[in-house]
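Protein chains: 2
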Amino acid sequence: MEEHPIDARKERILRAIIDDYVLTAMPVGSRTISRKYETSLSSATIRNEMSDLEELGYLAQPHVSAGRVPSAKAYRLYVDGLLSERVQPDPEARAYFSQRVRQMEDVISCAAAAISEFTRYTAVVMMPKQLDLRVSCLQLVPMPRGSALLVIVTDTGAIRDTVIRVSENLDGDALYAISRTLTEHLAGRTLQEVQEMLGAYSRQVGGDDRVIQGIADLAARMASQLAFDTLTIGGSQNILNYPEYSDVEKARAFLSVLEEKQRLMALFAGQGGAYGVRIGPEMGMEEMTDCSVVTARYRAGAGHQGFVGVIGPTRMPYARVLGALSAIGEALSDMLGE
Amino acid sequence: MEEHPIDARKERILRAIIDDYVLTAMPVGSRTISRKYETSLSSATIRNEMSDLEELGYLAQPHVSAGRVPSAKAYRLYVDGLLSERVQPDPEARAYFSQRVRQMEDVISCAAAAISEFTRYTAVVMMPKQLDLRVSCLQLVPMPRGSALLVIVTDTGAIRDTVIRVSENLDGDALYAISRTLTEHLAGRTLQEVQEMLGAYSRQVGGDDRVIQGIADLAARMASQLAFDTLTIGGSQNILNYPEYSDVEKARAFLSVLEEKQRLMALFAGQGGAYGVRIGPEMGMEEMTDCSVVTARYRAGAGHQGFVGVIGPTRMPYARVLGALSAIGEALSDMLGE
DNA sequence: TGTTAGCACTCTCACCCGTTGAGTGCTAAC
DNA sequence: GTTAGCACTCAACGGGTGAGAGTGCTAACA
Numbered sequence: 000m001e002e003h004p005i006d007a008r009k010e011r012i013l014r015a016i017i018d019d020y021v022l023t024a025m026p027v028g029s030r031t032i033s034r035k036y037e038t039s040l041s042s043a044t045i046r047n048e049m050s051d052l053e054e055l056g057y058l059a060q061p062h063v064s065a066g067r068v069p070s071a072k073a074y075r076l077y078v079d080g081l082l083s084e085r086v087q088p089d090p091e092a093r094a095y096f097s098q099r100v101r102q103m104e105d106v107i108s109c110a111a112a113a114i115s116e117f118t119r120y121t122a123v124v125m126m127p128k129q130l131d132l133r134v135s136c137l138q139l140v141p142m143p144r145g146s147a148l149l150v151i152v153t154d155t156g157a158i159r160d161t162v163i164r165v166s167e168n169l170d171g172d173a174l175y176a177i178s179r180t181l182t183e184h185l186a187g188r189t190l191q192e193v194q195e196m197l198g199a200y201s202r203q204v205g206g207d208d209r210v211i212q213g214i215a216d217l218a219a220r221m222a223s224q225l226a227f228d229t230l231t232i233g234g235s236q237n238i239l240n241y242p243e244y245s246d247v248e249k250a251r252a253f254l255s256v257l258e259e260k261q262r263l264m265a266l267f268a269g270q271g272g273a274y275g276v277r278i279g280p281e282m283g284m285e286e287m288t289d290c291s292v293v294t295a296r297y298r299a300g301a302g303h304q305g306f307v308g309v310i311g312p313t314r315m316p317y318a319r320v321l322g323a324l325s326a327i328g329e330a331l332s333d334m335l336g337e
Numbered sequence: 000m001e002e003h004p005i006d007a008r009k010e011r012i013l014r015a016i017i018d019d020y021v022l023t024a025m026p027v028g029s030r031t032i033s034r035k036y037e038t039s040l041s042s043a044t045i046r047n048e049m050s051d052l053e054e055l056g057y058l059a060q061p062h063v064s065a066g067r068v069p070s071a072k073a074y075r076l077y078v079d080g081l082l083s084e085r086v087q088p089d090p091e092a093r094a095y096f097s098q099r100v101r102q103m104e105d106v107i108s109c110a111a112a113a114i115s116e117f118t119r120y121t122a123v124v125m126m127p128k129q130l131d132l133r134v135s136c137l138q139l140v141p142m143p144r145g146s147a148l149l150v151i152v153t154d155t156g157a158i159r160d161t162v163i164r165v166s167e168n169l170d171g172d173a174l175y176a177i178s179r180t181l182t183e184h185l186a187g188r189t190l191q192e193v194q195e196m197l198g199a200y201s202r203q204v205g206g207d208d209r210v211i212q213g214i215a216d217l218a219a220r221m222a223s224q225l226a227f228d229t230l231t232i233g234g235s236q237n238i239l240n241y242p243e244y245s246d247v248e249k250a251r252a253f254l255s256v257l258e259e260k261q262r263l264m265a266l267f268a269g270q271g272g273a274y275g276v277r278i279g280p281e282m283g284m285e286e287m288t289d290c291s292v293v294t295a296r297y298r299a300g301a302g303h304q305g306f307v308g309v310i311g312p313t314r315m316p317y318a319r320v321l322g323a324l325s326a327i328g329e330a331l332s333d334m335l336g337e
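Top line first, the protein sequences correspond to chains A and B. Counting along the first sequence from 1, when you hit position 125 you're at 124 in numbering that gives the first Met the number 0, and nothing is skipped either side. Counting along the second sequence from 1, when you hit position 33 you're at 32 in numbering that gives the first Met the number 0, and nothing is skipped either side.
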């Protein structure tokens, strides 16, 4: 077999086909290219080139008298071209994100919302596991009617709280005293260690071991939440905006894949570089053969890395999406990266 | 016009038509009723009765040679029949809810999830506004790297927190001292008052008015969140399970109505009794003419009342849905009531 | 050798039309 | 009041047809 590297013109035509297809979602014919993109060439010439591109596996024909549709291989080429240049963070996306971050509590779910609203695709944000978490502070905040809010803060700044019952005669100062003791003894320990050590302290807090129990529960919950990478999804309904999913059955299949976060996680597993694009069949998941996943990395301090991403039809304006993700990834890195 | 009260047999037939239509989503013919439900009557007799029922506005024909479909008026009659008896809380629904409540933090969103999963419809949970909120405690919890977690607790037990920057040389004790002062001065005040009073204290906290600013921000956010009834929605995609919405356009319209929480809120506004059923056109919203909303009230302590509900196609097993909502409403009342 | 015009060919899509079957309304008999 | 019977209506289905879009191929041209 002789080599068939595609020349500059073929590449230009291929790019035009992809652009047009992304725009219209309809198979692209030779006339369209000759009139809208390569006005110096006739449709017949384009036809010849398209025929070549098809033979090389870059194009496919839904049926003989339809135009051509780019294949996964074509998107791959296109995307590699994009990624070989510097991805330009989209300032508009960043502004969008910054504006919304004030309103919502959680930066991660906020990022997911911002991405999905901005790109109009489904957004995924992955938050890396944090195994090496150590308790930095532990505090009880008085609440009405014999309750208290237990707050645990880790050295990485993760916060969790829970309401526990305490004896009614503990006032704010008493709770603070307990908090001090607890913090003194537990600061610097990992969550696992905290759970193990709790038995020993139960005497020192006045026999009221609901506090101890509460800490143990919360520490356990925190540990289990943070021991795994977590995935947040935003704008899952956005898929309905695209004609690829105008069949309700398909849409439902897509949405149910989103429920299985464990499987989705696999998409980020082997991710090396700053950006990742997985095109349809490359993902090896039956249900996602006509989806693409675009991701950008962000830094969550201390060597941890997470990903922000978009899931949409393969027919996607990759440059625009990469720009948006890049901007939001940067913003997240700034916020979480210390 | 003479009166046309429908007799017992007509009502039985109407009920059979509704039951069958709820099950199959297909227009119901006279033969079906005569064979499956009223075996002692011939289809011709049923036809006569159906013709009467149509004239009375209880049935409609999509086209002349199709069977009949119940009208909103029919559902209304049917539902009024249900509501005149005692609604039986569904113990299975309650078990389902209780089982899940452990796993999730927030009872409200947990309820929404449980309802939608159990009924397979879209769930709404309304949480009443809490205008009379007063600050009960205010505390700063030290965090690494010159941050602190600001926690505000109200007398009703609502909690909000936010991370603020503070000067690096404030240790835990110093933060507690500030917390004490703040609590002393602000406890018992409403959130509005707190916002107004903040200026006055800015000197007393060592000139570091990031703390003041943080409190003001958080108080404002809290006030705005709690000053209005809030709506939580669960299982919005469930609508895709029903043939009524196999048209993507319709599904999208439905989903986008769900986004406009303000408008949805109106559906609960005039709700008086323990249960409410709004059928299609009764809601006066163009987009919801073929939806129904079923709600049950719950008590959130201190005279506040909220609603749990389900939104689905008019063709809905109302008895089952009412039973489930009743059970979950009871469970919520128990949890939030005290 | 690359480009282009022309033409026959293919295939989808939209439309028409007849057939089928479900379901009705009406009438007359029980 | 109930029922059998019958004529009628209409959606749904399937086959047939024509228009349109787009291709591949060939031959001519630069």
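We put the beta carbon where it would ideally sit given N, CA and C, even for glycine. The model shown is predicted, which means the values in this text are computed figures rather than measured ones.
Legend entry - Minimum Cβ-Cβ distance from A:Y120 to chain B less than 7 Å: Not a single CB atom of chain B sits nearer than 7 Å to the CB of A:Y120.
Legend entry - Under 7 Å between C-beta atoms of B:E17 and B:I32: Just to set this straight, residue 17 of chain B is Ile in the shown sequence, not Glu. Cβ distance not < 7 Å, so B:I17 and B:I32 don't count as in contact.
Inset, instruction - Would you tell me roughly how many angstroms separate the C-alpha atoms of B:P4 and B:L52, rounded to the nearest one? - result: 10 Å
Legend entry - Span separating the alpha-carbon of A:M0 from that of A:L55: With a pLDDT of only 39 at A:M0, under 50, the local geometry of the prediction cannot be trusted, and the value read off the model is given with reservation. About 12 Å.
Legend entry - Backbone CA spacing between B:Q270 and B:Y77 [nearest angstrom]: 19 Å
Legend entry - Contacts that A:R251 makes with chain B (C-beta to C-beta distance below 9 Å): Residues of chain B passing the Cβ test: Q236, L239, N240.
Inset, instruction - Examine chain B for any beta-carbon lying closer than 7 Å to the beta-carbon of A:G156, and answer yes or no. - result: yes
Legend entry - Nonlocal neighbours in the same chain, by C-beta distance under 7 Å from B:A330, ignoring five residues either side: R93, F96, S97
Legend entry - Residues within the segment 123-151 of chain B neighbouring chain A, beta-carbon criterion of under 8 Å: S135, C136, Q138, V140, P141, M142, P143, R144, S146, L148, V150
Inset, instruction - Classify B:E195 as buried or exposed, calling it buried when 16 or more other Cβ atoms lie within 10 Å of its own Cβ. - result: exposed
Inset, instruction - Taking only beta-carbon positions, decide if A:Y95 is within less than 7 Å of chain B. - result: no
Inset, instruction - Examine chain B for any beta-carbon lying closer than 7 Å to the beta-carbon of A:V247, and answer yes or no. - result: yes
Legend entry - Beta carbon of B:M49 nearer than 7 Å to that of B:R67: yes
Inset, instruction - Kindly indicate if chain B contains any beta-carbon less than 7 Å away from that of A:L254. - result: yes
Inset, instruction - In the DSSP assignment, find the alpha helix (DSSP H) that holds B:V124 and state where it starts and stops. - result: First-last for B:V124: 121-126, but that is the beta strand (DSSP E), not the alpha helix (DSSP H).
Legend entry - Beta carbon proximity, B:Y175 to chain A, threshold 7 Å: yes
Inset, instruction - Take A:Q386 and list the residues in its own chain whose beta-carbon comes closer than 6 Å to its own, dropping the five residues that flank it on each side. - result: This structure leaves residue 386 of chain A out entirely; chain A is present only between 0 and 337.
Legend entry - B:T161 - containing beta strand (DSSP E), residue span: 158-164
Legend entry - Every unbroken beta strand (DSSP E) inside the segment 253-327 of chain B [3 residues or more]: 274-278, 290-298, 304-312
Inset, instruction - Can you tell me the Cβ-Cβ gap for A:S291 and A:T121, rounded? I've got them flagged as a contact below 8 Å. - result: Their Cβ separation, rounded to whole angstroms, is 11 Å, which puts A:S291 and A:T121 out of contact at 8 Å.
Legend entry - Cβ-Cβ distance between A:V193 and A:V134 below 7 Å: yes
Legend entry - Buried or exposed by the 16-neighbour rule on C-beta atoms within 10 Å, applied to B:V63: exposed
Inset, instruction - Please classify B:R144: is it buried, with 16 or more other beta-carbons within 10 angstroms of its beta-carbon, or exposed? - result: With fewer than 16 other Cβ atoms within 10 Å, it is exposed.
Legend entry - Extent of the continuous beta strand (DSSP E) to which A:P90 belongs: It is not in any beta strand (DSSP E) - A:P90 instead sits in the alpha helix (DSSP H) that spans 90-100.
Legend entry - Those residues which DSSP pairs with B:P61 across a bridge: Note: B:P61 sits in no beta bridge, so no partner.
Inset, instruction - Measure the CB-CB distance between B:I310 and B:R75 and report whether it falls below 7 Å. - result: no
Legend entry - C-alpha gap between A:Q60 and A:P26, whole angstroms: 8 Å
Legend entry - Alpha carbon of B:L99 to alpha carbon of A:L174, nearest angstrom: According to the sequence as given, residue 99 of chain B is Arg; it is not Leu. Between B:R99 and A:L174, the C-alpha separation is close to 31 Å.
Inset, instruction - Leaving aside the five residues before and after B:A215 along the sequence, list all residues of the same chain whose C-beta is less than 7 Å from its C-beta, in chain order. - result: Residues Q194, L197 of the same chain have their beta carbon placed closer than 7 Å to that of B:A215, with the five preceding and five following residues left out of the count.
Legend entry - B:A147 burial status per 10 Å Cβ neighbour count (16 or more: buried): buried
Legend entry - Start and end residues, beta strand (DSSP E) containing A:L149: 146-153
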